[in-house]
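For what it's worth, my numbering labels the leading residue of the sequence shown as 592, then goes sequentially. From the three backbone atoms N, C-alpha and C, an ideal C-beta is built for every residue, glycine too. One structure is given below, encoded as structure tokens.
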Amino acid sequence: MPFGGTRMSGLNLKVLPGEGPDVREGASEVATEGVSRAEDFVRGRGIRLVREDGTAFLDAASGTFNVPLGYDHPEVVEAVVEQLRRMAHASSSLMAAQAKQVLSELLAHAPSHLTAGWMRDITGSTANECAVQVAQKATGKTDVLSLFLSHHGQTQFTTAISGNAFRRKGFPEAVSPHSVKVPAPYCYRCFYKAKYPGCGMLCVERISDFVEYASSGSVACMLVEPVLGNGGNVVPPPGYFQALNKLCEEKGILLIADEVQTGMGRTGHLFASEALGFKPNIVTLAKGLGGIGVPVAAVLFEGTLDVLESHEHSFTSGCNPVALTAASATLKAMTSGHLLANVRRNGIILGELLRTLATRHPCVGDVRGLGYMWGLEIVREDGSPDVEKTLALIRVAQERHQLVLRGSRYSFGNVVKVRPPLIATQDDLEEIVARLGRALADVG
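Shown next as structure tokens:
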């Protein structure tokens, strides 16, 4: 593989109804050692998941980025429950006014050049499909550039334009002649064997060659994640996106920021693309937009790109009232207080804590991230990716230390991802890193 005690966030689980007198922060390591516990979680509270027996687990994966406000944020829960009482569903043609209102709320907080949008999706996969459709129709061109290691969705089309061949194996419709992949800005394992900053930004410079020799000559757009989450929490180096912006403008290629994972506060900013200093023509949002796990997605774009007809991209559950309500309540919760400032401040602390682990555990080859989105690259003595140890670390963290983590590339990768809900306090972060440290010691 070439690439490879604590506070309870304001909640005392011990007094939850039906849980008995002792909700345990963690079961005995002796009791759980070597045992794969398969029982489901039955409730979520703050940043914790609880099993039937009362054992509480710290969720350092935020669901799958879907619960940035934790599992039971009161304002979002209240808004969603009230909407459910009024009406759980209506077709998109009957929800135009509410969809327009929520879209205007999003655009009010978006980069100023984004003035239009689309809210007929509930998943990031189809939001990314929508973005590509917009780009293709607006430009009259066909091809889509994307990065090695990228992840843009689960549909066959978004699988086709994502950067992992193993996800396409055996599915011929998941291969597109209009998809062109280019090397990712992965400095730790640079495709070009170069060293930043003296590399001449080859990962941008050589895209011209891919356009010239590997495309059909008709490139509509380039789809990029501000941070490649599934690919291993790859953070592009300073200047990358500015150079990419320039190249795309010169070649008439629309730039799409896939902010399904990074959007809605994950990096301490509502939009990571804006924080990283680049100007996409289109931005996609999902996952965190629902706040507590409610499926909802949005596509924001420049006004000149408002080209789709309603019949060209629409889904039965798109812009349903529960999804729209959750998005509005989530946006309000994220922008009305100090949540994002806390993520920016505490994210620096989280990075420092994780780097301390790296000094104690030689198997941690690299630590990288922004805000509440970090990755630890697990390596062998020779620096090569250690996928087996990565999987063991994630398993041990959950089974022995009640810490939920996720790995990169659908467990084919060697990066452990640490991405707690945005409501996690500094105490929570310290406890997450302490448990991760104990798991590293166990497998080390």
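Rounded to whole angstroms, the separation of the alpha carbons of Cys839 and Ser809 is 13 Å. When Trp965, Ala647, Gly708 are compared, the shortest CA-CA separation from Gly859 is found for Trp965. The DSSP-derived three-state label of Pro976 is strand.
Linking Thr895 to Thr730 through their CA atoms gives a straight-line distance of about 11 Å. For Met792, the three-state secondary structure derived from DSSP is coil. For Asp1018, the secondary structure class from DSSP, reduced to helix, strand or coil, is helix. When only Cα atoms are considered, His769 and Val735 end up about 6 Å apart. Straight through space, the alpha carbons of Leu846 and His700 are spaced by roughly 20 Å. Judged by beta-carbon spacing, Met686 lies within the 8 Å limit of Leu915, meaning their Cβ atoms are closer than that value.
Per DSSP, Lys691 is one residue of the alpha helix (DSSP H) stretching across 687-700. With respect to Asp631, His743 sits apart: the two C-beta atoms are not nearer than 8 Å. Val874 carries a strand assignment under DSSP once its states are collapsed to helix, strand and coil. When only Cα atoms are considered, Cys812 and Leu698 end up about 22 Å apart. Look at Lys784 here: in three-state DSSP terms it is coil, with no helix or strand label. Around the beta carbon of Thr714, a 10 Å sphere encloses 16 or more other beta carbons of the protein chains shown; the residue is thus reported as buried.
Annotation note: the region 715-783 contains the following uninterrupted alpha helix (DSSP H) runs of length 4 or greater, listed N- to C-terminal: 715-730, 747-751. If you draw a straight line from the Cα of Arg1026 to the Cα of Ala988, it is about 7 Å long. In this structure Val1009 is buried. Its beta-carbon is surrounded by 16 or more other beta-carbon atoms within 10 angstroms. Exclusion of the five residues before and after Val1024 leaves Leu944, Leu945, Leu948 as the residues of its chain whose Cβ lies within less than 7 Å of its Cβ.
The C-beta of Arg1000 has 16 or more other C-beta atoms within 10 Å across all chains shown, which makes the residue buried. Between the C-alpha atoms of Cys794 and Gly754 there is a straight-line separation of about 15 Å. Arg986 has its alpha-carbon roughly 20 Å from the corresponding atom of Gly645.
From the listed residues Leu814, Ile939, Ala983, the smallest Cα separation to Val1034 is found for Ala983.
Restricting attention to Ser653, Ser737, His664, Arg676, the CA atom closest to the CA of Glu816 is found in Ser737. With a threshold of 16 other beta carbon atoms within 10 Å, Asp650 meets it and is buried. The count of Cβ pairs closer than 8 Å, one atom from the region 855-875 and one from the region 897-905, stays below three, leaving the stretches out of contact.
Around the beta carbon of Gln993, 16 or more other beta carbons lie within 10 angstroms, which makes this residue buried. Going by beta carbons, Ala889 and Met710 fall inside the 8 Å limit. Judged by their CB atoms, Val978 and Gly1004 are nearer to each other than the 8 Å cut-off. Counting along the chain, Gly654 sits inside no beta strand (DSSP E); it lies in the alpha helix (DSSP H) bounded by residues 653-656.
Between Ser807 and Thr717 the beta-carbon gap is near 24 Å, outside 8 Å, which marks them as no contact. Looking at the backbone, the Cα of Val1007 and that of Glu968 are separated by about 7 Å. About 5 Å separates the Cβ atoms of Ile638 and Ala1015, confirming a contact at the 8 Å cut-off.
Excluding the 5 residues flanking it on each side, Leu835 has same chain C-beta neighbours closer than 6 Å at Val795, in chain order.
At a cut-off of 3 residues, the continuous stretches assigned as beta strand (DSSP E) that sit fully inside the region 833-921 are 845-849, 873-876, 888-892. If you look at Ile969, you'll find it in the beta strand (DSSP E) that goes 964-969.
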